[in-house]
Amino acid sequence: MPSQEQMMKRQQVLADFGEFALGSENLDEVLTEACRLVAEALGTIRAKILEIQEDRQSLLVRAGVGWDPGIIGRLRLPMGERSSETFAIKEGTPVITQDIRKEMRFDFPDFMKKAGVVAVVNAPIFLPRKKPYGLLQVDATEPRDFTQEDTEFLRTYTIILGPVIDRLHKVGDLRTSEDRFRLFAEHTANVLWLADLESGRLDYLSPAFARVWGMPADDMPDLASWLAIVHPEDRDAAALALERVGGGETLVLEYRIQRGSDHAVRRVRDTFFPIPGTDGRIRSAGGIAQDITTDTRLRAYVIAVGDDARRGLVGTLQTAGYEVRAFESEQALLTMKGSLMPGCVVLELTEAGDLVVASELKAARAHLPVVAVGASGGDVGFGVRVMKAGAVDFLEAPWAPEALLFAVKTALAEIHADADRARKGDEAHARIAALSARERAVLEGLLAGGTNKTIARTLGLSPRTVEIHRARVMEALGAQTLPEAVLIATAAGVRPANHDD
1 MPSQEQMMKR QQVLADFGEF ALGSENLDEV LTEACRLVAE ALGTIRAKIL EIQEDRQSLL
61 VRAGVGWDPG IIGRLRLPMG ERSSETFAIK EGTPVITQDI RKEMRFDFPD FMKKAGVVAV
121 VNAPIFLPRK KPYGLLQVDA TEPRDFTQED TEFLRTYTII LGPVIDRLHK VGDLRTSEDR
181 FRLFAEHTAN VLWLADLESG RLDYLSPAFA RVWGMPADDM PDLASWLAIV HPEDRDAAAL
241 ALERVGGGET LVLEYRIQRG SDHAVRRVRD TFFPIPGTDG RIRSAGGIAQ DITTDTRLRA
301 YVIAVGDDAR RGLVGTLQTA GYEVRAFESE QALLTMKGSL MPGCVVLELT EAGDLVVASE
361 LKAARAHLPV VAVGASGGDV GFGVRVMKAG AVDFLEAPWA PEALLFAVKT ALAEIHADAD
421 RARKGDEAHA RIAALSARER AVLEGLLAGG TNKTIARTLG LSPRTVEIHR ARVMEALGAQ
481 TLPEAVLIAT AAGVRPANHD D
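This is the structure we're talking about:
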């Protein structure tokens, strides 16, 4: 039976561990201190904590004292039928082996024998709701008859240890969630935003903002700046949405923005939601803004001064199924170019000065390409000058309907191709953003040409765990084969890991 001094020391150990655990949020640090204190209390050189792995077939030496650095955090033990660790977990109570050289019930790993371990106590650790976490294993280098008081001390110790581990798991899960949110925000095609409704300050804009709005996030410090870029026809509705979210509503609003960088109009679907404070008052709001500009409709804008010419162009295009809007002058279209959805501009040229509109729209060529029609008057260089001015094609008058329709179709095909590439890139980014940090690390290893074994060695995992993560990656990416997964990952900008295999 332990002496009074030993009993006092063990009570002090429990108190010291509890105090240490409350002041730390680092699981490995807490587990290592738990091993140090218990080894000191029981007068042993070594102690370790074994953690059940995801495959439920092995134990990781997660922490310990008195063991070589190559063992802690690296060595895995199989949970076989003749494993003392497996038996202790099944029994749910500490299991003592006084001398492993004489033990007939269990097989012990070679690394323990080589270290001179003779006596062992396996004390199972359970999280709340009796979920097994692993074991606290105390190792002595001489035959030892661990007493009932010893096992009761260890049982009490592990009862305290279980909730501590559970709390730190939750802290770790929260950090993982924050890391995953950060990873999602960095790669999602949608714009995530947070705003202080009282000051009007924009506290956060995700990286996708620069792509959708066409400007750095630093150039939009507040909600007033945001409203200024919203299309004038949609601005009142956007301002009302902010008022409504401040009143506690969650709502979805579609609006247009006018980008200053390329004068393009983007259509955005924004989900606004309130963020209550601890007192229940709503001082902040957040949102998820999705670029829904992708539009494959057949749309054309006709500029022709003469009524007959205008009717001829509009009629040809409408007969072919185009949605057509006609303008009597170049200036009429240029005045509205900032609010026009993607489409092909068909420009009738009556004189050289008409090239102004092609030049003005050159910056918007990605969504408003110009097809020019007109008479060159025998000037062989006229068509070249038209295209240098910014038109994507030139048709000599009189033009044939088939030629006009082919030119417009070709011009729109590039818009649709760009939109399709953007859509696929956005989908790839969204899929990559959904991966956990560990799954992404496995994906990067696969891109580098790694196998399950080499990736496992690099990441400190078992090949079976890598195989599980690999299957999840393939499922998340919607890929049936590895080459398909590589294409999706490459489209999202994922780079291979630098593995030294």
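Following UniProt numbering, the numbering of the sequence shown begins with 1 at its first residue and continues without gaps.
Don't be surprised by glycine CBs; every beta carbon is placed ideally from N, CA and C.
### Task
Please list, in chain order, all residues of the same chain as Asp196 whose beta carbon is under 7 Å from its beta carbon, the five residues on each side excluded.
Within the sequence shown, residue 196 is the residue found at index 196, counting from 1. Taken in chain order, the residues that qualify are Asp203, Arg283 and Ser284.
### Query
Is Val324 closer than 7 Å to Cys344 when the C-beta atoms are compared?
Position 344 of the sequence shown, counted from the first residue, corresponds to residue 344. Position 324 of the sequence shown, counted from the first residue, corresponds to residue 324. No, they are not a contact pair.
### Task
Return the chain-ordered list of same chain residues with a C-beta closer than 6 Å to the C-beta of Arg144, the five sequence neighbours on each side being excluded.
Translated into the one-based positions of the sequence shown, residue 144 becomes position 144. Here the set comprises Ala119.
### Task
With a cut-off of 8 Å on the beta carbons, I'd call Val486 and His469 a contact; round off their distance for me.
Along the sequence shown, read from residue 1 onward, the residue named residue 486 stands at position 486. Along the sequence shown, read from residue 1 onward, the residue named residue 469 stands at position 469. That belief does not hold up - the Cβ atoms of Val486 and His469 are roughly 16 Å apart, past 8 Å.
### Message
Suppose you measure from the CA of Val494 to the CA of Thr454; what does that come to, to the nearest Å?
### Response
Along the sequence shown, read from residue 1 onward, the residue named residue 494 stands at position 494. Along the sequence shown, read from residue 1 onward, the residue named residue 454 stands at position 454. Rounded to the nearest angstrom, the two C-alpha atoms are 19 Å apart.
### Task
Reducing DSSP to helix, strand and coil, say where Ile72 ends up.
Numbered from its first residue, the sequence shown carries residue 72 at position 72. Coil, per DSSP.
### Buried/exposed call for Phe181, threshold 16 Cβ in 10 Å
The residue you call residue 181 lines up with position 181 of the sequence shown. Answer is exposed; the Cβ neighbour count stays below 16.
### Query
If you pair each beta-carbon of the stretch 233-250 with each one of the stretch 266-277, do three or more pairs fall below 8 Å?
yes
### Message
Checking 7 Å against the spacing of the C-beta atoms, do Arg267 and Ile292 come in under that value?
### Response
Your numbering for residue 267 matches position 267 in the sequence shown. Your numbering for residue 292 matches position 292 in the sequence shown. Taking C-beta atoms as the reference points, Arg267 and Ile292 count as a pair closer than 7 Å.
### Task
Work out the CA separation of Thr86 and Val212 for me, nearest whole Å.
Within the sequence shown, residue 212 is the residue found at index 212, counting from 1. Within the sequence shown, residue 86 is the residue found at index 86, counting from 1. When rounded, the distance between both Cα atoms is 55 Å.
### Task
Output the boundary residues of the beta strand (DSSP E) element that contains Asp139.
Position 139 of the sequence shown, counted from the first residue, corresponds to residue 139. Residues Lys131 to Ala140.
### Message
Once the 5 residues before and after Gly374 are set aside, which same chain residues still bring their CB inside 7 Å of it?
### Response
As a first step, residue 374 must be located in the sequence shown, where it is residue number 374. So the list reads Glu348, Leu349, Thr350 and Ala397, once near-sequence residues are dropped.
### Where the beta strand (DSSP E) through Thr271 begins and ends
The residue labelled residue 271 in the question sits at position 271 within the sequence shown. Where Thr271 is concerned, the enclosing beta strand (DSSP E) stretches over Val265 to Pro276.
### Query
Expressed to the nearest angstrom, what Euclidean distance is found between the alpha-carbon atoms of Ser177 and Leu435?
One-based indexing of the sequence shown puts residue 177 at position 177. One-based indexing of the sequence shown puts residue 435 at position 435. Near 11 Å, if we compare the C-alpha coordinates of Leu435 and Ser177.
### Query
So what does DSSP say about Lys102, is it helix, strand or coil?
Reading the sequence shown from its first residue, position 102 is the one you call residue 102. It is coil, neither helix nor strand.
### Message
The beta strand (DSSP E) that contains Leu197, what's its start and end?
### Response
Looking up residue 197 in the sequence shown gives position 197. First-last for Leu197: undefined, no H or E at that position.
### Query
Should Gly287 be labelled buried (16 or more other beta-carbon atoms within 10 Å of its own) or exposed?
The residue labelled residue 287 in the question sits at position 287 within the sequence shown. Buried, because 16 or more other Cβ atoms sit within 10 Å of the Cβ of Gly287.
### Query
Asp222 and Gly246 look like a contact to me (Cβ under 8 Å); what is the Cβ gap, rounded to whole Å?
As a position in the sequence shown, residue 222 is number 222, starting the count at 1. As a position in the sequence shown, residue 246 is number 246, starting the count at 1. In fact, because the Cβ distance is near 15 Å, the residues do not count as touching under 8 Å.
### Query
How about Asp236 and Arg256: do their beta carbons lie closer than 7 Å?
Within the sequence shown, residue 236 is the residue found at index 236, counting from 1. Within the sequence shown, residue 256 is the residue found at index 256, counting from 1. Contact: no.
### Task
Could you tell me which of Leu37, Val302, Asp307 and Leu27 sits nearest to Phe17, measuring between CA atoms?
Reading the sequence shown from its first residue, position 17 is the one you call residue 17. Minimum Cα distance to Phe17 is reached at Leu37.
### Message
Is the separation between the beta-carbon of Thr316 and that of Leu404 shorter than 7 Å?
### Response
As a first step, residue 316 must be located in the sequence shown, where it is residue number 316. As a first step, residue 404 must be located in the sequence shown, where it is residue number 404. Yes. Within cutoff.
### Query
By a C-beta neighbour count over all protein chains shown, 10 Å radius and 16 as the cutoff for buried, is Ser462 buried or exposed?
Position 462 of the sequence shown, counted from the start, is the residue given in the question as residue 462. Looking at its Cβ environment, which holds 16 or more other Cβ atoms inside 10 Å, Ser462 is buried.
### Spatial distance of Ala411 from Glu467 (CA atoms)
The residue given as residue 411 occupies position 411 in the sequence shown. The residue given as residue 467 occupies position 467 in the sequence shown. Roughly 47 Å separates the two Cα atoms.
### Expected contact under 8 Å - CB spacing of Ile165 and Leu27 to nearest Å
Taking the first residue of the sequence shown as 1, we reach residue 165 at position 165. Taking the first residue of the sequence shown as 1, we reach residue 27 at position 27. Indeed, because the Cβ distance is near 7 Å, the residues count as touching under 8 Å.
### Query
To which residues of the same chain is Ile303 closer than 6 Å at the C-beta, ignoring the five residues directly before and after it?
Within the sequence shown, the letter at position 303 stands for residue 303. Cβ within range, chain order: Phe327, Glu330, Leu333 and Leu347.
### Query
From what residue to what residue does the beta strand (DSSP E) around Phe111 run?
As a working mapping, residue 111 is identified with position 111 in the sequence shown. Premise fails: Phe111 lies in the alpha helix (DSSP H), Asp110 to Lys114, not in any beta strand (DSSP E).
### Task
Taking only runs that begin and end inside the stretch 279-355, name each unbroken alpha helix (DSSP H) of 4 or more residues, in chain order.
307-319 and 330-336
### Message
Comparing C-alpha positions only, which one of Tyr133, Gly390 and Pro401 sits nearest to residue 505?
### Response
Nothing about residue 505 can be reported from this structure: the residues present for the chain run from 1 to 501 only.
### Task
Ignore the nearest five residues each way along the sequence and tell me which others in Ala352's own chain have a CB closer than 7 Å to its CB.
Locating residue 352 in the sequence shown gives position 352, where the first residue counts as 1. With a pLDDT of only 49 at Ala352, under the threshold of 50, the placement of this residue in the model should not be trusted, and no figure is reported.
### Message
Using only CA atoms, which one of Arg175, Ala489 and Asp270 lies nearest to Ala241?
### Response
If you number the sequence shown from 1, residue 241 lands on position 241. Ranking Arg175, Ala489 and Asp270 by Cα distance to Ala241 puts Asp270 first.
### Task
Tell me, please, which residues DSSP counts as bridged to Leu202.
Numbered from 1 along the sequence shown, position 202 holds the residue referred to as residue 202. Answer is Ala195.
### Message
Going by the DSSP bridge assignment, what does Thr97 pair with across the sheet?
### Response
Stepping through the sequence shown from its first residue, residue 97 is reached at position 97. Note: Thr97 sits in a beta bridge opposite Val120.
### Task
Determine, using beta carbons only, whether Pro496 and Leu459 come nearer to each other than 7 Å.
The residue given as residue 496 occupies position 496 in the sequence shown. The residue given as residue 459 occupies position 459 in the sequence shown. Result no, Cβ atoms of Pro496 and Leu459 do not sit closer than 7 Å.
### Task
In angstroms with no decimal places, state the Cα-to-Cα distance between Thr481 and His187.
Counting from one through the sequence shown, the residue named residue 481 turns up at place 481. Counting from one through the sequence shown, the residue named residue 187 turns up at place 187. Their backbone Cα atoms lie some 23 Å apart in a straight line.
### Query
Is the beta carbon of Val138 less than 7 Å from the beta carbon of Ala47?
Translated into positions along the sequence shown, residue 138 becomes position 138. Translated into positions along the sequence shown, residue 47 becomes position 47. Yes.
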